[in-house]
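J.: For reference, the structure I am asking about is given below.
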Amino acid sequence: MKLLEERIQKDGIVKAGNVLKVDSFLNHQMDIALFNAMGEEFKRLFANADVNKIMTIEASGIGIACVAAQYFNVPVVFAKKSQSVNIDGDVYSTEIESFTHKRVYNVIVSKKYLSPNDRVLIIDDFLANGCAMNGLLDIVAAAGASVAGIGIAIEKGFQQGGALLRARGYHLESLAIVDAMNAQTGEITFRAQ
Ligand code: 5GP
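Going by the numbering used here, the first residue of the sequence shown is number 1133, and it counts up by one from there.
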């Protein structure tokens, strides 16, 4: 998606440790006109996927998922980061290792909001090694729901998540794929798609 690539090129900051900072339009301050264009593009890419629910993970996925949901006319459920252990058995839970924070989170989704009738489009801001996405896929599987697709704003194509998910047969669409970035020069190279 040209508009997103141009914005990353203009305002993205490459940090050491393979981290791309996009706080000025996506991860902290949010450019809603851009989110709208992204939502429209997700709708175009998953038009025939029969989506009846969008799922994401707090916090950064929520804004993108909510704007996209307006194009699909479906509810959004987000996986919550939780400290507590599931004693009552009323939630699906899994552990996710955070790429940016280098720690492990327990995440939960209430059993009330995910069922075998659901065809879920999973949306997130970044795809790196795929840990967050694997956790969300575990939760969808535990609910007996099906995965209609995976929509990512920015995939870092030099990390393994995207390749592994595509090899598993998922319909994965990333609006921008960064194939290389250089913390010294700030240079960012996108995959042609
Ligand atoms: P993964 O689980 O695929 O390794 O990493 C994806 C998650 O880590 C995303 O939900 C995102 O929040 C965060 N993340 C991974 N890489 C980056 C990055 O380069 N920049 C930012 N801002 N977040 C990232």
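Cβ atoms here follow ideal geometry from the backbone N, Cα and C, with glycine treated the same way. Fair warning: this is a prediction, and the values are worked out from it, not measured in the lab.
Closest to SER1278 by C-alpha separation, out of ILE1194, ASP1155 and ILE1186, would be which residue?
T.: Measuring from the Cα of SER1278, the nearest candidate turns out to be ILE1186.
J.: Quick one: is ILE1164 buried, meaning 16 or more other Cβ sit within 10 Å of its Cβ, or exposed?
T.: The residue in question, ILE1164, is exposed, as its Cβ has fewer than 16 Cβ neighbours within 10 Å.
J.: Can you name, in chain order, every residue of its own chain whose Cβ lies under 8 Å from the Cβ of ARG1298, other than the five neighbours on each side?
T.: These residues qualify, in order along the chain: LEU1304.
J.: How would you write the range of the beta strand (DSSP E) that GLY1283 sits in, first residue to last?
T.: Run containing GLY1283: 1278-1288, per the beta strand (DSSP E) assignment.
J.: Can you find the residues in the same chain that come closer than 7 Å, C-beta to C-beta, to ASP1270, ignoring five residues on each side of it along the sequence?
T.: Answer for ASP1270: THR1226, listed in chain order.
J.: Would you say the beta carbon of ILE1189 comes nearer than 7 Å to a heavy atom of the ligand 5GP?
T.: The answer is yes for ILE1189.
J.: Assign LEU1297 to one of three DSSP states: helix, strand, or coil.
T.: Helix.
J.: On a CA-only basis, which of LEU1135, GLY1144 and LYS1134 is nearest ILE1326? Give me that one, please.
T.: As shown, the chain starts at 1133 and ends at 1325. That puts residue 1326 outside it, with no answer to give.
J.: For the alpha helix (DSSP H) containing SER1214, name the first residue and the last one.
T.: SER1214 -> not in any alpha helix (DSSP H); beta strand (DSSP E) instead, spanning 1208-1214.
J.: When you compare only the Cα positions, how much space is there between PHE1210 and GLY1221?
T.: If I take the Cα positions, the gap works out to 18 Å.
J.: What would DSSP say about VAL1199, mapped onto helix, strand or coil?
T.: Helix at VAL1199.
J.: Beta-carbon within less than 8 Å of TYR1203's beta-carbon, same chain only, minus the 5 sequence neighbours each way: which residues are those?
T.: These residues qualify, in order along the chain: GLY1171, GLU1172, PHE1174 and LYS1175.
J.: Alpha carbons only, please: which of ASN1238, TYR1237, ALA1273 and LYS1147 is nearest the one belonging to ASN1249?
T.: Nearest C-alpha to ASN1249: ALA1273.
J.: What's the call for SER1247, buried or exposed, on a 16-neighbour Cβ count within 10 Å?
T.: So SER1247 counts as exposed.
J.: Please report the residue range of the alpha helix (DSSP H) in which MET1313 lies.
T.: It is not in any alpha helix (DSSP H) - MET1313 instead sits in the beta strand (DSSP E) that spans 1304-1313.
J.: Could you give the distance in angstroms between the alpha-carbon of LEU1158 and the alpha-carbon of ARG1251?
T.: Whole-angstrom Cα-Cα distance: 26 Å.
J.: So LYS1288 and LEU1259 are supposed to be a Cβ contact under 8 Å. How far apart are they, rounded?
T.: Rounded, the Cβ-Cβ distance is 7 Å, consistent with contact.
J.: Taking C-alpha atoms, which residue in ARG1300, GLY1276 and LEU1166 lies nearest to TYR1245?
T.: Of the listed residues, the one whose Cα sits closest to TYR1245 is GLY1276.
J.: Could you tell me whether the Cβ atoms of VAL1239 and ILE1189 are closer together than 8 Å?
T.: Cβ distance < 8 Å, so VAL1239 and ILE1189 count as in contact.
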